[in-house]
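So the sequence shown is numbered by this note's numbering: it starts at 59 and just counts up by one. Quick reminder that beta carbons are idealized off the backbone N, C-alpha and C, glycines included. The model shown is predicted, which means the values in this text are computed figures rather than measured ones.
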Amino acid sequence: MIYIGVDDTDSPKGMCTTYIIAKLVPKIVDMGLDIIGYPRLVRLNPTIPWKTRGNGAVCLRVGKGFGKKFPVVFDGYRTIHAYGKGKGLGDIADIFSIVRSVVKKHYYRDEKTSPGFLVCPRAPPEKFYWKCVRGVVSKHEVLSFLDVFSCMYGGFNGSRGLIGALGAVAWRARDKTYEILTYRHEENFGKPRKIDKDSVIAMDKEFPSTFNNYDYNNDYIAIAPNTKCPVLFGIRGDDDKELLDAMREVVCGEDLAAWVIFETNQATDDHILFTKVRNIKPYTSVAIEGVIATKPEKIQGGHVVFSLNDGDIVDCVAYEPTKEFRNVVMKLYPGDLVRVFGSVRVLGKKYSINLEKILVKKVVEVREKVNPICPNCGKSMCSLGKAGGYKCKRCGTRVGEDKATVRIIKRDIKPGWYEAPVCARRHLYMHIDRMIRSGRRKRMYMM
59 MIYIGVDDTD SPKGMCTTYI IAKLVPKIVD MGLDIIGYPR LVRLNPTIPW KTRGNGAVCL
119 RVGKGFGKKF PVVFDGYRTI HAYGKGKGLG DIADIFSIVR SVVKKHYYRD EKTSPGFLVC
179 PRAPPEKFYW KCVRGVVSKH EVLSFLDVFS CMYGGFNGSR GLIGALGAVA WRARDKTYEI
239 LTYRHEENFG KPRKIDKDSV IAMDKEFPST FNNYDYNNDY IAIAPNTKCP VLFGIRGDDD
299 KELLDAMREV VCGEDLAAWV IFETNQATDD HILFTKVRNI KPYTSVAIEG VIATKPEKIQ
359 GGHVVFSLND GDIVDCVAYE PTKEFRNVVM KLYPGDLVRV FGSVRVLGKK YSINLEKILV
419 KKVVEVREKV NPICPNCGKS MCSLGKAGGY KCKRCGTRVG EDKATVRIIK RDIKPGWYEA
479 PVCARRHLYM HIDRMIRSGR RKRMYMM
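Encoded structure:
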């Protein structure tokens with residue numbers, strides 16, 4: 059197969075890199091080539107500060123297809139099918155020319171947009187994917203590889219997108235989900251989307267393999283972006299065969315210009331590194347097990363913060379956008395054993411963890427000293443300070459420290475998994491339901 063990778067064609071002001079696939083696939087098919095497998099949407103390191111928006115690159119595999127056929131793209135006129143298997147076929151230079159022309163026509167002109175695209179005769183080593191999703195990769199490292207791997211590559215405005223493009227074609231899809239993305243007609247770009255909430259809720263309930271469609275607690279439609287990009291809405295799921303039917307259930311108030319079904323690494327937690335506090339690095343996402351060291355407190359802005367101790371200390375923060383998740387965090391207590399998942403935030407020379415979910419492994423018993431009752435008048439007595447005993451304000455009776463009692467405070471939290479709501483989840487974040495369905499809950503508990 060021949061591998062095509064593209065990244066960094068969008069901007070916070072407009073465009074979406076996935077839209078390149080909707081425009082590229084028809085031209086590839088018109089060349090006489092087949093699409094092999096689903097187009098791929100590969101989310102990369104979400105903590106990279108120079109990312110555009112969702113930090114998603116795309117990959118397309120082309121050649122001579124054989125085996126089972128299935129729909130992958132509708133371009134407004136026809137439904138284009140892909141093949142389950144394929145082999146290399148086609149002139150790389152011709153393919154590169156088509157890719158370049160499509161990217162040049164559609165990338166968003168912005169000083170921060172730096173498109174990169176490449177065509178490779180075979181899949182690069184998988185290590186490039188893992189470096190792109192968990193760390194920082196230099197453009198120099200990518201160029202050095204491409205020059206010895208017989209790839210054709212190019213770009214505009216600095217070509218930084220070559221990094222993500224290589225990461226996308228290096229992905230092996232060992233764990234994967236799917237997403238059907240629908241696109242608007244150009245005259246609707248920038249106009250408010252009119253997605254019917256009731257239809258989204260009905261779709262969510264009818265197709266249980268889909269996920270992150272609607273936030274019931276916060277009344278938030280999660281399938282539609284709020285930017286001026288070409289995407290109308292997207293439905294994510296574990297079963298590719300349900301996505302077309304799910305799409306048809308959504309009432310959106312406008313005709314679709316196109317749709318594409320992507321194979322993705324979304325909801326896989328591929329970005330997470332299991333590590334220790336002492337090994338934290340900037341621009342990473344981590345899972346760290348430790349003991350709650352300070353009582354959680356709410357700070358300015360509505361954020362909740364506590365310190366975690368695994369031999370070293372790091373602050374963990376549930377930011378205001380995580381909504382009701384902060385209430386769970388407030389119920390933690392010093393001594394509780396937890397595993398936290400989240401992205402590393404850099405504040406000067408200090409790191410903190412932006413919480414995505416928490417595994418509570420053990421909760422401590424919390425005891426509270428209770429002032430004794432006056433033996434003479436039956437009123438609660440007041441403390442006279444450390445080792446000072448107690449005194450009744452009404453009758454003046456004094457008693458010693460040994461007269462105080464201890465009660466066990468009922469904890470309103472149990473061992474288990476707790477996560478941020480749908481409205482606060484990143485693309486790569488694996489929600490708890492999927493952990494259960496995929497059998498990864500036990501493994502992530504033990505790691």
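Please work out which residues of its chain come closer than 6 Å, Cβ to Cβ, to residue i, disregarding the five sequence neighbours upstream and downstream, and give them in chain order.
i	result
residue 297	267
residue 348	366, 367 and 368
residue 424	391 and 467
residue 417	397 and 475
residue 354	362, 364, 387, 388 and 390
Taking just the CA atoms, how far does residue j sit from residue i?
i	j	result
residue 238	residue 263	17 Å
residue 37	residue 412	Since the first and last residues shown for the chain are 59 and 505, residue 37 lies out of range.
residue 437	residue 404	53 Å
residue 259	residue 308	9 Å
residue 113	residue 445	60 Å
residue 472	residue 225	40 Å
residue 76	residue 69	12 Å
residue 468	residue 410	30 Å
residue 317	residue 211	27 Å
residue 90	residue 63	19 Å
residue 144	residue 60	10 Å
residue 96	residue 236	9 Å
residue 455	residue 434	7 Å
residue 100	residue 476	26 Å
residue 169	residue 214	11 Å
residue 415	residue 150	44 Å
residue 421	residue 116	43 Å
residue 148	residue 160	18 Å
residue 357	residue 196	37 Å
residue 389	residue 176	50 Å
residue 234	residue 426	48 Å
residue 270	residue 190	24 Å
residue 261	residue 300	11 Å
residue 359	residue 379	10 Å
residue 293	residue 304	8 Å
residue 346	residue 394	14 Å
residue 350	residue 194	30 Å
residue 440	residue 459	11 Å
residue 578	residue 281	It is not possible to answer for residue 578, since the shown part of the chain is limited to 59 through 505.
Could you tell me how far apart the beta carbons of residue i and residue j are, in whole angstroms, since I believe they sit closer than 8 Å?
i	j	result
residue 484	residue 322	In fact, because the Cβ distance is near 13 Å, the residues do not count as touching under 8 Å.
residue 325	residue 187	With 8 Å as the limit, residue 325 and residue 187 do not qualify as a contact, their Cβ atoms being about 16 Å apart.
residue 336	residue 373	The Cβ separation is near 15 Å, so there is no contact.
residue 182	residue 207	6 Å
residue 166	residue 67	7 Å
residue 72	residue 286	5 Å
residue 428	residue 462	6 Å
Given residue i, which residues of its chain have a CB within under 8 Å of its CB, disregarding the five upstream and five downstream residues?
i	result
residue 93	83, 86, 87, 118, 119, 120, 123, 130, 131, 138, 139, 140 and 141
residue 164	67, 73, 77, 78 and 81
residue 252	310, 311 and 312
Buried or exposed: which applies to residue i, given that a residue is buried once 16 or more other Cβ atoms fall within 10 Å of its Cβ?
i	result
residue 284	exposed
residue 135	exposed
residue 274	exposed
residue 497	exposed
residue 306	exposed
residue 381	buried
residue 492	buried
residue 198	exposed
residue 396	buried
residue 494	exposed
residue 320	buried
residue 406	exposed
residue 400	buried
residue 464	exposed
residue 430	buried
residue 180	exposed
residue 470	exposed
residue 217	buried
residue 205	exposed
residue 442	exposed
residue 277	exposed
residue 295	buried
Near residue i, which residues of its chain fall below 7 Å by C-beta distance, leaving aside the five closest residues on each side in sequence?
i	result
residue 242	288, 290, 312 and 315
residue 352	364, 365 and 392
residue 255	279
residue 105	341, 342, 343, 401 and 402
Say the cut is 7 Å; is the CB of residue i nearer than that to a heavy atom of the ligand COA?
i	result
residue 89	The ligand COA is not part of this structure, which contains no ligands at all.
Just checking, does the stretch 221-238 make contact with the stretch 325-338 on the three C-beta pairs under 8 Å criterion?
-> yes
Would you check if there are 3 or more beta carbon pairs closer than 8 Å linking the stretch 466-481 to the stretch 447-455?
-> no
Counting pairs of beta carbons, one from the stretch 217-227 and one from the stretch 185-200, are three or more of them closer than 8 Å?
-> yes
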